[in-house]
């Protein structure tokens, strides 16, 4: 805090708005950064750590499912006195840290080998994948190694100016989260985030011969330029974003509150339409949304409401030629549809259907252009592009390569461009760049990478029949050269919450496992979003057990088809995926030999009973409200991992947790580990079966890092 305060004082700004929740950082007063000439490929390395988020995350994007934890609520006081609770927490934490210190040396040789292999793979693939470019006219902006560069689009020599450097500004242990450039390219807004905090700070640079830090805004979540010198931004406190501010940078510099959301279930963010005609203020809960428009030609006028919130209706706005293009769940079936309406009559009674998605299709992303739009879709595990032409009034569907599992849309600030660039990847395939050309009406694969994509990995897509006969997709990867697959180790992945897909982007550790003979399986169970919004609805609240049935069916089918066997099977999950993984560990421990959890949500009932916690109220749309619904309380209790631990033969368990995690209370994880270990020991002491064994139950509490968000170096150590 002192470091940032010094920085703000050095810039002649008050530190009174700085949130106490921001972590201490090493910083220095700095008002000017001299641009340095350098070759793009020879950028000196900075102290900025590599982020695990995809490079495109710094660019404009829109999500069509409520992301886990992007919102917040309140909670009631604990029954246990605070002092007693704190002491218990400290004792449990100390005990687990001592246990970890005793156990971890056992694995030193193994971790050394794995670390060397992962570093080799990281250097081989990551260094050859270039950073996404943002083109504005003749200028190109991009970020590498904690630096933001400006280059000329027609410069073939690779020369670029450094506009911003984390290292030069004196920050440490932060990464660039988001970049926004003003329409006239005179200002650059950058958000910096530490892996130890959920909150980010926004730095506004005035560009020119000598870029200058114009302003520093603490605790910012999203921000967009409404005009050349008018910036709108949202502030974040306790994981909540409910206030929107406007600030100006020229003659009459001032900041004022523009919008406040009163409902704790809703989370506010900002987005600019592709043609920059409107800035949208989007207020979203898990199931409902409301959008207000700021006319960028008149940024000081009050926002205008598009359509008042209607329970169960989600919608997002784009604009083209005085008409609003709306993606919404309004109408039957309750999946996304493309709607058209006039600006002057934007209410849902005037919405005209343009295009509706097929059943069990997931809308992953959407990009608007002057003569058409592109929908990025997922159906039955395969990725597609649907190109809608506003000229010929036609829809063209293009199936993408079968190995692809993830999209990464690149930034296209100019809506008049005729080419859409994006990257495709899978857990074992590094990102590969593609483009769709409106002029040529075809898909173009970009230049072949210096390092070839792995070719000895086989991808299989299966369907497992769940308890209610529903077919559940599974994506399986294994080495083509592997013999006797039933003897190979299997790593199963699951999530199944919030309508979010399993993360299937490229990870070096997944490729390493394939090379060493492992089988990887991704179970797309209900509760996730892989087959559209109905897939999520069928696995949340009173349907949560369906996700557990799906997971059991998936693992059983894999074993029946000869993919490994229970004694060689491990289950991996993170965050809310810990609910289904932990539940399976209680109900079917014989299906797996080991379980690996990262920042897991394992105490659903107690967490949802505490309304003082930041996410509880909004999470009621996912889990239900046990405080007011006794039936809901009993239902949660029937599957909650912590509540259903009992003496039995458990698999070995490894859990990574974070002291600074604001989303998953560490106390709940500590108590879960303690109870699980006791149950395993009780079972071992009561039985004298031949081959009886006591599982390893290990908790590694990381002092640094926050909820599943860490640097490359930190994640490598994990």
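Numbering (UniProt numbering), first residue to last: 1 to 718.
Beta carbons are placed, not taken as given, at the ideal position from N, Cα and C, and that holds for glycine.
Same chain, Cβ closer than 7 Å to residue i, five either side skipped, listed in chain order
i, result
"residue 193", "174, 175, 177, 200"
"residue 565", "486, 559"
"residue 444", "434, 435, 437"
"residue 717", "none"
"residue 510", "427, 428, 520"
"residue 531", "360, 362"
"residue 260", "242, 243"
"residue 257", "243, 245"
"residue 340", "323, 325, 352, 354"
Local Cβ density within 10 Å of residue i, reported as buried at 16 or more and exposed below that
i, result
"residue 721", "Because the chain spans 1 through 718 in this model, residue 721 falls outside it and cannot be assessed."
"residue 107", "exposed"
"residue 746", "No statement about residue 746 is possible, as the shown extent of the chain runs from 1 to 718 and does not include it."
"residue 252", "exposed"
"residue 707", "buried"
"residue 242", "buried"
"residue 496", "buried"
"residue 104", "exposed"
"residue 488", "buried"
"residue 300", "exposed"
"residue 418", "exposed"
"residue 280", "buried"
"residue 686", "exposed"
"residue 483", "exposed"
"residue 254", "exposed"
"residue 375", "buried"
Host beta strand (DSSP E) of residue i (start-end)
i, result
"residue 139", "139-144"
"residue 463", "457-465"
"residue 715", "No beta strand (DSSP E) contains residue 715, which is instead part of the alpha helix (DSSP H) from 712-717."
"residue 553", "No beta strand (DSSP E) contains residue 553, which is instead part of the alpha helix (DSSP H) from 544-560."
"residue 445", "442-445"
"residue 270", "267-272"
"residue 511", "No beta strand (DSSP E) contains residue 511, which is instead part of the alpha helix (DSSP H) from 508-515."
Host alpha helix (DSSP H) of residue i (start-end)
i, result
"residue 637", "630-639"
"residue 306", "Premise fails: residue 306 lies in the beta strand (DSSP E), 304-307, not in any alpha helix (DSSP H)."
"residue 620", "616-623"
"residue 533", "533-537"
"residue 607", "604-608"
"residue 205", "Unbroken run through residue 205 is the beta strand (DSSP E), 200-206; no alpha helix (DSSP H)."
Chain-order list of residues whose beta-carbon lies under 6 Å from that of residue i (same chain, five-residue window excluded)
i, result
"residue 702", "658"
"residue 457", "428, 477, 514"
"residue 704", "196"
"residue 219", "19, 199, 235, 236"
"residue 573", "494, 581, 597"
Which of helix, strand or coil DSSP assigns to residue i
i, result
"residue 687", "coil"
"residue 421", "strand"
"residue 701", "strand"
"residue 599", "coil"
"residue 707", "coil"
"residue 665", "coil"
"residue 580", "helix"
"residue 99", "helix"
"residue 350", "helix"
"residue 673", "helix"
"residue 16", "Residue confidence is low: residue 16 scores 27 on pLDDT, short of 50, so the model does not pin down where it sits. Its coordinate-derived value is still stated next. In the structure shown, residue 16 sits in coil (DSSP, three-state: anything other than H, G, I, E or B)."
"residue 113", "helix"
"residue 166", "helix"
"residue 241", "strand"
"residue 126", "helix"
"residue 295", "strand"
"residue 159", "strand"
"residue 324", "strand"
"residue 361", "strand"
8 Å contact criterion, which residue i and residue j should meet: CB distance rounded
i, j, result
"residue 348", "residue 362", "About 23 Å separates the two Cβ atoms, so there is no contact after all."
"residue 100", "residue 661", "Not a contact, Cβ separation roughly 17 Å."
"residue 268", "residue 282", "7 Å"
"residue 189", "residue 231", "6 Å"
"residue 265", "residue 621", "7 Å"
"residue 249", "residue 214", "6 Å"
"residue 608", "residue 619", "7 Å"
Residue i: CB within 8 Å of a non-hydrogen atom of the ligand COA
i, result
"residue 144", "Ligands are entirely absent from the displayed structure, and the ligand COA is therefore not among its contents."
Residues near residue i in its chain [Cβ-Cβ closer than 8 Å; skip 5 each side]
i, result
"residue 556", "464, 591"
"residue 553", "464, 465, 466, 467, 472"
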